[in-house]
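Trainee: The structure under discussion is supplied below as structure tokens; questions concerning it will follow.
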Amino acid sequence: DNKLSNLDIGTETSLNEAIKTITDYLKKELLRVLIFSITSEFRHVYDNNDEEIVRNFFLKYNLKDYYNKFEEKVYNMIEVTNDKKERIRKNIKRLGGTDSYMRRQSYAAFISSKEAPEKKLKMIKDAFVKLAWELYYGGKAWSNIVDGWFMLNDAKTLNDKIIAIDHVYDLQHNTSTIFNKVQSYYKEGKDWSWILKALDKKANIKEIWEIYDDVSPSVKTLIGYVAKSKGYGSLELFLKNGNMSFKDSQIWKGGTWEKEIWKDRVWENGTWKGNIWKNGTWENGTWEKGKWLSGIWENGEWVIGIWYDGIWKSGTWKNGVWYDGTWENGTWENGEWENGTWKNGIWKSGKWHNGTWEDGIWKKGIWKYGKIYSKKFSFYFDSKVNPNEFKELEKNTNSPKELDKLLKEI
């Protein structure tokens with residue numbers, strides 16, 4: 068805000084400088100916050116896993132130095148009793164409190180170890196879904212938060228940084244866990260609840276003027292300039308008429324969309340040529356390019372683009388990258404599947420990197436790894452073979468143990 072106050076917000080150049088200043092600061096700050104929160108959560112790995120299991124998991128990723136630091140700063144502060152699930156903290160009172168101290172210890176182990184942050188976070192991401200966790204700890208939600216760090220860290224262009232920063236705030240809004248572990252986000256009398264209120268407002272905002280009363284004088288100046296230059300109208304008009312522009316129609320019935328962010332509306336039909344879909348329901352139409360962050364896809368044709376999360380109910384996927392979400396039915400023609408749950412449908416071609424396959428038709432493609440559901444044994448198996456090869460193995464085995472053994476031998 069101090070940097071903004073020194074800018075003459077009145078030209079396109081100074082506006083772009085202000086946006087870049089804010090974006091670069093937020094990227095640096097959020098990368099730090101994410102690592103602190105992720106490592107704070109990761110310290111609970113011993114709650115449901117033996118020390119040997121944890122050590123072997125670290126070493127599997129060639130993280131010897133990180134393991135030694137983690138053992139020293141986290142495990143050695145825990146005394147394991149005969150009941151393996153019971154952990155007794157020791158020497159904590161003199162160190163200033165259990166939770167805050169152990170969070171700092173886990174963070175210190177991460178930043179003081181010599182391996183690259185990307186390498187350590189890849190291990191933690193996998194640990195959240197592959198190791199055992201107590202209820203409400205670890206799991207898929209935290210694996211997604213690690214993905215959020217990678218998305219932000221990899222963002223190079225201004226537009227990609229803005230999208231990644233927005234995604235981090237969406238992760239906080241969905242989980243209420245990221246900032247709640249960081250003391251600097253604590254406000255006296257409001258604890259961390261102000262974050263949820265702010266993100267609720269962000270999720271529901273339809274006009275830029277709606278945040279005018281919540282920001283500093285320098286940001287008010289910025290809002291005024293943006294509203295004027297982008298044709299959003301004056302504050303007086305907003306106060307008089309409310310949200311009356313075309314942007315506030317809740318249903319897009321047809322035509323071509325080449326505008327700004329789409330959020331929390333219904334798309335009935337048409338051609339999408341825009342940039343960012345944040346949330347809402349897509350009923351039918353053609354998607355030509357852009358980034359889908361969340362929402363429900365009912366039907367239609369996806370030509371190419373990046374899908375981050377959401378529910379796909381039906382339709383045809385031509386090409387693109389799918390990062391996460393639930394695929395309920397439809398036809399996948401080509402593309403890269405990074406993670407998520409496939410419930411049913413036809414897979415024609417493409418690369419499957421990871422995720423869960425429940426049912427459907429696999430025609431051809433490259434399968435690297437994933438979980439496959441066996442109807443015969445009512446169980447999910449880790450598999451390095453595709454669903455067709457899995458079915459052949461399943462057909463020729465008589466027990467889950469036998470099938471699991473065959474899969475591990477491949």
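Here the sequence shown is numbered in our numbering, starting from 68 and rising by one per residue.
By construction, the Cβ of each residue, glycine as well, lies at the ideal position given by its N, Cα and C atoms.
#1: Should Phe-457 go down as buried or exposed, given a rule of 16 or more other Cβ atoms within 10 Å for buried?
#2: Taking the straight line between their C-alpha atoms, what separation do you get for Gly-163 and Met-169?
#3: Mapping the DSSP letters down to three states, classify Lys-181 as helix, strand or coil.
#4: With a 10 Å radius around its C-beta and 16 neighbouring C-beta atoms as the bar for buried, classify Ala-231 as buried or exposed.
#5: Which one of Gly-392, Ile-371 and Asp-376 has the shortest CA to CA distance from Thr-383?
#6: What separation, rounded to the nearest whole angstrom, lies between the Cα atoms of Leu-474 and Gly-407?
#7: Please report the straight-line C-alpha distance between Glu-355 and Leu-126, rounded to a whole angstrom.
#8: With 16 as the cutoff for other CB atoms within 10 Å, does Asp-426 come out buried or exposed?
#9: Where Thr-106 and Tyr-174 are concerned, what is the direct C-alpha to C-alpha distance, given to the nearest angstrom?
#10: Does DSSP classify Gly-387 as helix, strand or coil?
#11: Assuming Lys-475 is part of the alpha helix (DSSP H), what are its boundary residues?
#12: What is the DSSP secondary structure of Glu-425, reduced to helix, strand or coil?
#13: Which first and last residues belong to the alpha helix (DSSP H) in which Ser-450 is found?
#14: Runs of 3 residues minimum, wholly inside the region 87-153: which ones carry the beta strand (DSSP E) assignment?
#15: Could you give the residue range of the alpha helix (DSSP H) that holds Trp-200?
#16: May I have the straight-line CA-CA distance separating Trp-429 from Lys-418, to the nearest angstrom?
#17: How many Å lie between Asn-421 and Trp-344 at the Cα?
#18: So the candidates are Asn-129, Ala-199 and Phe-109; which of them puts its Cα closest to the Cα of Asp-117?
#19: Return yes when the Cβ of Ser-361 is within less than 8 Å of the Cβ of Asn-346, no when it is not.
#20: Is it buried or exposed, Asp-376, if we count other Cβ atoms within 10 angstroms and call 16 or more buried?
#21: Please state whether the Cβ-Cβ distance between Gly-412 and Trp-434 is less than 8 Å.
#22: When burial is assigned at 16 or more other CB atoms within 10 Å of the CB, is Asn-211 buried or exposed?
#23: Could you spell out where the beta strand (DSSP E) holding Ile-371 opens and where it closes?
#24: Applying the criterion that 16 or more other CB atoms from any shown protein chain within 10 Å of the CB defines a buried residue, is Phe-103 buried or exposed?
#25: When DSSP labels each residue in this structure, what does Lys-482 get in the three-state scheme?
#26: Since I believe Lys-186 is in contact with Leu-130 (beta carbons under 8 Å), could you give me their beta-carbon distance rounded to a whole number of angstroms?
#27: Using three-state DSSP, classify Tyr-440 as helix, strand or coil.
#28: For Glu-201 versus Asp-114, is the C-beta distance shorter than 8 Å?
#29: Under 8 Å between the Cβ atoms of Ser-445 and Gly-437?
#30: On the three-state DSSP scale, how would you describe Gly-347?
#31: In angstroms with no decimal places, state the Cα-to-Cα distance between Thr-148 and Tyr-142.
#32: Using beta-carbon positions only, say whether Lys-415 and Glu-400 come within less than 8 Å of one another.
#33: Cα separation between Lys-462 and Asn-453?
Mentor: Judging by the given coordinates:
#1: buried
#2: In this prediction, Gly-163 has a pLDDT of 40, which is less than 50 and means its spatial position is unreliable; what the coordinates show is noted afterwards. Taking the straight line joining both Cα atoms gives about 10 Å.
#3: coil
#4: buried
#5: Ranked by Cα distance from Thr-383, the first of Gly-392, Ile-371 and Asp-376 is Ile-371.
#6: 21 Å
#7: 44 Å
#8: Classified as exposed, Asp-426 has fewer than 16 neighbouring CB atoms from the shown chains inside 10 Å of its CB.
#9: 5 Å
#10: coil
#11: 467-476
#12: coil
#13: Run containing Ser-450: none in the alpha helix (DSSP H); it sits in the beta strand (DSSP E), 446-450.
#14: Taken in chain order, the unbroken stretches of beta strand (DSSP E) that lie wholly in the region 87-153 and span 3 residues or more are 145-147.
#15: Note, Trp-200: premise wrong, no alpha helix (DSSP H); not H, not E.
#16: 12 Å
#17: 24 Å
#18: Ala-199
#19: yes
#20: buried
#21: no
#22: buried
#23: It is not in any beta strand (DSSP E) - Ile-371 carries neither H nor E in the DSSP assignment.
#24: buried
#25: As shown, the chain starts at 68 and ends at 477. That puts residue 482 outside it, with no answer to give.
#26: 7 Å
#27: strand
#28: Closer than 8 Å, so yes.
#29: no
#30: strand
#31: Only weak support exists for where Thr-148 lies, its pLDDT of 37 falling under 50; the value from the coordinates is given anyway. In a straight line, the C-alpha of Thr-148 is about 13 Å away from that of Tyr-142.
#32: Yes; because the gap between Cβ atoms is below 8 Å, this pair is in contact.
#33: Approximately 14 Å between the Cα atoms of the pair.
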